[in-house]
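Protein chains in written order, with our numbering: chain B, 1 to 274; chain S, 275 to 680.
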């Protein structure tokens, strides 16, 4: 097997899993699993507004969470890039969310952010609100504040690890040269370091976005009842006692698949322009 | 005797022949019980069941499994799977003509109806179990699964009854009827909600029954005209009250566990559950405060039974019957009902047991955290055809949860 053939075999192997998944989702979404395959069925399922509303809500939540985590990761990587113990401790703390299971993050979010949580109790103790229940709701709400914060915290571990690694590999002369040319420290960071870190972590940002877009545990526990986050809507239908609802679930997974493909396409397009 | 001999020959040939199909549950059921036990000895039974509750898992893994091996020489292997998963798997296996991977399945309601509709259950067999002599066979709640007669195709295993839960310190005078509950919700905005799962839907069905003259209106199978006449009363009731629900009805707990947390944290004043006996368990575990108590509304609270079925393609129906027989024994039923274990109600008629077991079950009923058996029995109303449940779910999602079409 020559190198050219080997490449195609490798591409074929990599493509098998997503293509089989895609084919199954189309087949089942079109009623094939119920013994009545018809593309019109898939079309009818995809014309319903509910999965699109769920996709839009989940995409916005994932974008905001990823943006927050990216900003946090870059800030941490730049602010704590030294070799002092405090810098090392800060970097380690920033990566702490990485190994914590999402279900634990959700439980911690409930403990802190719910209307009977620590934040509400602290606010009541401080006299800002009269009773904890007066705390504005942050969880299970349409604006998704608590969920977005929890997703961002979870992503922060991964992205700060990447950002710190990129910063550690940067040539220190770059910033020094910019300063020599008259740039302020802030300008040098903003115009030289941040773009280089962004370029280094961009594939990770895309991966983190795709991951949170399709994640289930945090949206199920912290997300709104309506609109339903897409992953929650998919699983609800997949587990429905009415087996016909499973076709709805498969049709909705096509939307998730399309969103993930769009994210990867965005990444490839950006790379081609770099 | 002659039919038993013929069945024994058929079963033996089927069991020994390498390429021949496994014996059918109905053929095995025709054998004398000692022959069934002999066939089962030394075999493995795969029991597909919901594995989501550690208490149930402990009961099955630590109490049932070793005793079953000791008494009957049967190795019990559990596998995860419930409702639609079991149905889907059996449909796929049967369509492929493959040997079954499930010998015994924990099922009820709509799953039973769907399995029966597709002829995916073996039987009849349940009436042949020696332990079945002690079943509470006079109870329609036990012998009819969501109105469908079990007819020996599934064996009653446990019985539960829906209940609300309140904190006797926070709510010393709880409402005792659906109409009183509505007044209470209006007077205490933000202090009531229900979950989005099976338990929440059961609550909605309790209200549906109460607002439409009782369960009798819905018995006799699903009827679209009756639905069109009765459903508006439920949804009008809800739409009027939802602004007084927790979060003004814009959010609902995903599961009953989430509702338990809201209740325990004092965010709402009522929890609910499908098993009124389980309230004492949750108090002892610390899930609920010590002052939590069972509340049953006078309009009637839905009771239902869960069952064991043997798939038509099961490879070891004899082993499955021996397991089912053991699960129905007074010892296994008693252990299961203990609040420290699972708190799942028995399906046995206590009066059919010997005096020793009668005394032991009576002692369980005397739990100070419990609810009087006689009152629970008086308020028990049966489940109706599964289509009613499905309609309540889809209509609630459309009218109450979703502002956009689903």
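Think of the CB as a built atom: it goes at the ideal place given N, C-alpha and C, for glycine as much as any other residue.
Local Cβ density within 10 Å of residue i, reported as buried at 16 or more and exposed below that
{"i": "residue 602(S)", "result": "buried"}
{"i": "residue 311(S)", "result": "buried"}
{"i": "residue 435(S)", "result": "buried"}
{"i": "residue 421(S)", "result": "buried"}
{"i": "residue 264(B)", "result": "exposed"}
{"i": "residue 256(B)", "result": "buried"}
{"i": "residue 282(B)", "result": "This structure leaves residue 282(B) out entirely; chain B is present only between 1 and 274."}
{"i": "residue 578(S)", "result": "buried"}
{"i": "residue 447(S)", "result": "exposed"}
{"i": "residue 231(B)", "result": "buried"}
{"i": "residue 83(B)", "result": "exposed"}
{"i": "residue 629(S)", "result": "exposed"}
CB contact flag (residue i, residue j, <8 Å)
{"i": "residue 655(S)", "j": "residue 547(S)", "result": "no"}
{"i": "residue 141(B)", "j": "residue 525(S)", "result": "yes"}
{"i": "residue 94(B)", "j": "residue 157(B)", "result": "yes"}
{"i": "residue 374(S)", "j": "residue 587(S)", "result": "yes"}
{"i": "residue 133(B)", "j": "residue 115(B)", "result": "yes"}
{"i": "residue 29(B)", "j": "residue 247(B)", "result": "yes"}
{"i": "residue 438(S)", "j": "residue 565(S)", "result": "no"}
{"i": "residue 53(B)", "j": "residue 227(B)", "result": "yes"}
{"i": "residue 259(B)", "j": "residue 19(B)", "result": "no"}
{"i": "residue 179(B)", "j": "residue 188(B)", "result": "yes"}
{"i": "residue 657(S)", "j": "residue 576(S)", "result": "yes"}
{"i": "residue 617(S)", "j": "residue 338(S)", "result": "no"}
{"i": "residue 509(S)", "j": "residue 673(S)", "result": "yes"}
{"i": "residue 150(B)", "j": "residue 106(B)", "result": "yes"}
{"i": "residue 451(S)", "j": "residue 572(S)", "result": "yes"}
{"i": "residue 222(B)", "j": "residue 139(B)", "result": "yes"}
{"i": "residue 585(S)", "j": "residue 305(S)", "result": "no"}
8 Å Cβ shell around residue i - same chain, five flanking residues per side excluded
{"i": "residue 423(S)", "result": "417"}
{"i": "residue 319(S)", "result": "348, 349, 350, 351, 377, 378, 590, 593, 594, 596 and 597"}
{"i": "residue 462(S)", "result": "518 and 543"}
{"i": "residue 649(S)", "result": "570"}
{"i": "residue 664(S)", "result": "384"}
{"i": "residue 675(S)", "result": "470 and 526"}
{"i": "residue 408(S)", "result": "602, 604, 622, 623, 626 and 627"}
{"i": "residue 345(S)", "result": "600"}
Residue i, DSSP secondary structure in three states
{"i": "residue 581(S)", "result": "strand"}
{"i": "residue 216(B)", "result": "coil"}
{"i": "residue 562(S)", "result": "coil"}
{"i": "residue 397(S)", "result": "coil"}
{"i": "residue 11(B)", "result": "helix"}
{"i": "residue 656(S)", "result": "strand"}
{"i": "residue 135(B)", "result": "coil"}
{"i": "residue 321(S)", "result": "strand"}
{"i": "residue 279(S)", "result": "Residue placement at residue 279(S) is poorly supported in this model, since its pLDDT is 48, which falls under 50; the coordinates still yield a value, given next. DSSP places residue 279(S) in helix when its eight states are reduced to three."}
{"i": "residue 191(B)", "result": "helix"}
{"i": "residue 259(B)", "result": "helix"}
{"i": "residue 378(S)", "result": "strand"}
{"i": "residue 573(S)", "result": "coil"}
{"i": "residue 638(S)", "result": "helix"}
{"i": "residue 83(B)", "result": "coil"}
Span separating the alpha-carbon of residue i from that of residue j
{"i": "residue 163(B)", "j": "residue 153(B)", "result": "15 Å"}
{"i": "residue 425(S)", "j": "residue 505(S)", "result": "31 Å"}
{"i": "residue 621(S)", "j": "residue 372(S)", "result": "34 Å"}
{"i": "residue 10(B)", "j": "residue 2(B)", "result": "12 Å"}
{"i": "residue 290(B)", "j": "residue 251(B)", "result": "Shown here, chain B extends from 1 to 274; a query on residue 290(B) therefore has no answer."}
{"i": "residue 23(B)", "j": "residue 254(B)", "result": "10 Å"}
{"i": "residue 327(S)", "j": "residue 403(S)", "result": "28 Å"}
{"i": "residue 262(B)", "j": "residue 8(B)", "result": "23 Å"}
{"i": "residue 275(B)", "j": "residue 108(B)", "result": "Outside the displayed range of chain B (1 to 274) lies residue 275(B), so it cannot be described from this structure."}
{"i": "residue 511(S)", "j": "residue 521(S)", "result": "18 Å"}
Residues near residue i in its chain [Cβ-Cβ closer than 6 Å; skip 5 each side]
{"i": "residue 102(B)", "result": "217 and 218"}
{"i": "residue 529(S)", "result": "469 and 471"}
{"i": "residue 353(S)", "result": "320 and 322"}
{"i": "residue 324(S)", "result": "356"}
{"i": "residue 643(S)", "result": "554 and 557"}
{"i": "residue 561(S)", "result": "534"}
Close Cβ partners of residue i (< 7 Å) along its chain, the five nearest in sequence each way excluded
{"i": "residue 361(S)", "result": "385, 388 and 389"}
{"i": "residue 14(B)", "result": "none"}
{"i": "residue 159(B)", "result": "69, 70, 73, 201, 204, 205 and 208"}
{"i": "residue 659(S)", "result": "420, 421, 495 and 496"}
{"i": "residue 666(S)", "result": "475, 478, 479 and 482"}
Proximity test, residue i beta-carbon vs the ligand FAD heavy atom, cut-off 7 Å
{"i": "residue 565(S)", "result": "As presented, the structure is devoid of all ligands, the ligand FAD included, so that no description of it is given."}
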